[in-house]
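For reference, the structure is listed below as structure tokens.
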Amino acid sequence: MYHAPVLLHASIEMLGIQADGIYADVTFGGGGHARAILEGLNSNGKLFAFDQDPDAEKNAQAPEFANNPSFTFIASNFRLLKRQLRSEGIEAGSVAGILADLGVSSFQLDTAERGFSYRFEGPLDMRMNNQDGPTAADVLNTYSAEALQNILSAYGELRNARSFAQACVELRQTNPFKHTEDLVALCTKLFIGDRMRYMSQVFQALRMEVNEEIGALKDFLSDALEMLAPGGRLVVLTYHSIEDRMVKNFMKTGNIQGQPEKDFYGNITRPFDLVLKKAGEATEAEVKGNSRARSARLRVAQKTKEKNGQ
Ligand SMILES: C[S@@+](CC[C@H](N)C(=O)[O-])C[C@H]1O[C@@H](n2cnc3c(N)ncnc32)[C@H](O)[C@@H]1O
0 MYHAPVLLHA SIEMLGIQAD GIYADVTFGG GGHARAILEG LNSNGKLFAF
50 DQDPDAEKNA QAPEFANNPS FTFIASNFRL LKRQLRSEGI EAGSVAGILA
100 DLGVSSFQLD TAERGFSYRF EGPLDMRMNN QDGPTAADVL NTYSAEALQN
150 ILSAYGELRN ARSFAQACVE LRQTNPFKHT EDLVALCTKL FIGDRMRYMS
200 QVFQALRMEV NEEIGALKDF LSDALEMLAP GGRLVVLTYH SIEDRMVKNF
250 MKTGNIQGQP EKDFYGNITR PFDLVLKKAG EATEAEVKGN SRARSARLRV
300 AQKTKEKNGQ
């Protein structure tokens, strides 16, 4: 299976699908969530599905999607949500629901040539779009020790980010990073605590840097607010504490820092009403069947019906 959708039932229920509404699933992957959205639409409803990964695009060519007149696939980074939807003729303020299931799919993780996982030997690539921009090897071979330390500490929460970054810079002078094994070997030398957990933190930090995941999420959130109709739902599944905090802050205040914003009269403006006050989590039963669900946090908000939401 390409990817087992996480919190499928809860996230689709939270979208509150209207059969003739306009929806966006910005992380199509294997199409698990998209399929469930399409089941709720009639022929007037529309689903725009985004993914930047060419393998995900192939999934969208399956007849159940490609032959469904309500379905449109957009091969793009979701940070361009507004631009892409507008080029499809969708106006700001008209989308009934937007779903984002962040991070990587199981298929991406399990495909050795993509270099996302310490479990497989492959090139240190990690680019979700598989084509543009620096690879994970480029990051390790060219960033300064300080820049590497920042990434490993912020995205990977490594306790020894400084010494790991220093070790990278020294090692690459004689042995530039090329393969996942090169990074695994360094992790094996320097890990603190559980080795597997340490490796997954290092790999995750690099993946987030290579794909500019934090910047993309920030752009996406502000586009989502603009594109949603008053009363429209934003449903986001995160798998990393930084992302979860960004989404939580944005839903509360309209900015990722969580700074309350005020209107001309000094009244605090709230772009969204929170549908879930606390993040939703997977049940033990789901986690048992799909370990990826363990770190999932479901955040849901509804764009306010007053004008100040936009
Ligand atoms: C967790 S998977 C989504 C799985 C999907 N919900 C399903 O049911 O199969 C995340 C997907 O989002 C895509 N993705 C992640 N960041 C993206 C971005 N900034 N723009 C477009 N696609 C992105 C990845 O390529 C991956 O296919």
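The sequence shown: position 9 = 8 (my numbering), numbered continuously. Where a beta carbon is used, it is the ideal one built from N, C-alpha and C, also for glycine.
For residue i, verify whether its CB is less than 6 Å away from any heavy atom of ligand 1.
{"i": "R60", "result": "First, the amino acid is wrong: residue 60 is Gln here, not Arg. Because no heavy atom of ligand 1 lies under 6 Å away, the Cβ of Q60 does not count as near it: no."}
Please work out which residues of its chain come closer than 8 Å, Cβ to Cβ, to residue i, disregarding the five sequence neighbours upstream and downstream, and give them in chain order.
{"i": "C167", "result": "L139, A144, L147, F176 and L185"}
{"i": "E180", "result": "E120"}
{"i": "E260", "result": "T252, G253, N254, I267 and T268"}
{"i": "Q51", "result": "A74, S75, N76, F77, M127 and N128"}
{"i": "V103", "result": "F115, M127 and R206"}
{"i": "G31", "result": "H2, A3, P4 and L7"}
Taking 6 Å as the limit between beta carbons, can you name the residues of its chain near residue i, skipping five residues before and five after?
{"i": "R311", "result": "The structure shown has nothing for residue 311, since the chain only spans 0 to 309."}
{"i": "S152", "result": "A160"}
{"i": "T71", "result": "F47"}
{"i": "Q17", "result": "A95"}
{"i": "G39", "result": "I16"}
{"i": "A292", "result": "V5, A281, E285 and V286"}
{"i": "Q309", "result": "Note that Q309 has pLDDT 46, beneath the 50 cutoff, so the model's placement of it is unreliable and no number is given."}
{"i": "N210", "result": "M127"}
{"i": "V183", "result": "Y117"}
{"i": "L108", "result": "F115 and S116"}
{"i": "V201", "result": "G155 and C186"}
{"i": "K304", "result": "P229 and G230"}
Could you check if residue i is buried or exposed, using at least 16 other CB atoms within 10 Å of its CB as the buried criterion?
{"i": "Q60", "result": "exposed"}
{"i": "E285", "result": "buried"}
{"i": "L127", "result": "Just to set this straight, residue 127 is Met in the shown sequence, not Leu. M127 comes out buried."}
{"i": "D124", "result": "buried"}
{"i": "M0", "result": "exposed"}
{"i": "H8", "result": "exposed"}
{"i": "T141", "result": "exposed"}
{"i": "G88", "result": "exposed"}
{"i": "S10", "result": "buried"}
{"i": "P53", "result": "exposed"}
{"i": "R194", "result": "exposed"}
{"i": "T26", "result": "buried"}
{"i": "A111", "result": "exposed"}
{"i": "R34", "result": "buried"}
{"i": "G288", "result": "exposed"}
{"i": "D19", "result": "exposed"}
{"i": "N174", "result": "exposed"}
{"i": "S69", "result": "buried"}
{"i": "K188", "result": "exposed"}
{"i": "D131", "result": "exposed"}
{"i": "N58", "result": "buried"}
{"i": "Y264", "result": "exposed"}
Return the chain-ordered list of same chain residues with a C-beta closer than 7 Å to the C-beta of residue i, the five sequence neighbours on each side being excluded.
{"i": "N307", "result": "No answer about N307 holds up, because its pLDDT of 46 lies below 50 and its placement is not dependable."}
{"i": "R158", "result": "I191"}
{"i": "S240", "result": "none"}
{"i": "D222", "result": "L80 and K81"}
{"i": "Q258", "result": "T252"}
{"i": "Q338", "result": "Because the chain in this structure spans residues 0 to 309, residue 338 falls outside the shown range and cannot be described."}
Hey, residue i and residue j are a contact pair by Cβ (cut 8 Å); roughly how many whole angstroms apart?
{"i": "L236", "j": "P270", "result": "Between P270 and L236 the Cβ distance is about 20 Å, and since that is not below 8 Å, they are no contact."}
{"i": "G29", "j": "F106", "result": "7 Å"}
{"i": "L238", "j": "A300", "result": "Reading the sequence as shown, one finds Tyr at residue 238 and not Leu. Not confirmed; about 19 Å, so no contact."}
{"i": "L297", "j": "L275", "result": "7 Å"}
{"i": "I97", "j": "M245", "result": "About 15 Å; that fails the 8 Å criterion."}
{"i": "L310", "j": "A23", "result": "Outside the displayed span of the chain (0 to 309) sits residue 310, for which this structure offers no information."}
{"i": "E228", "j": "K302", "result": "The amino acid at residue 228 is misidentified as Glu; the sequence shows Ala. At roughly 7 Å, the Cβ-Cβ gap stays under 8 Å, so A228 and K302 are in contact."}
{"i": "N66", "j": "L37", "result": "Rounded, the Cβ-Cβ distance is 11 Å, inconsistent with contact."}
- Got a list of residues with beta-carbon closer than 6 Å to any non-hydrogen atom of ligand 1, in chain order? H2, P4, T26, G28, G29, G30, G31, H32, F49, D50, Q51, D52, A55, N76, F77, R78, D100, G102, V103, S104, M127 and A215
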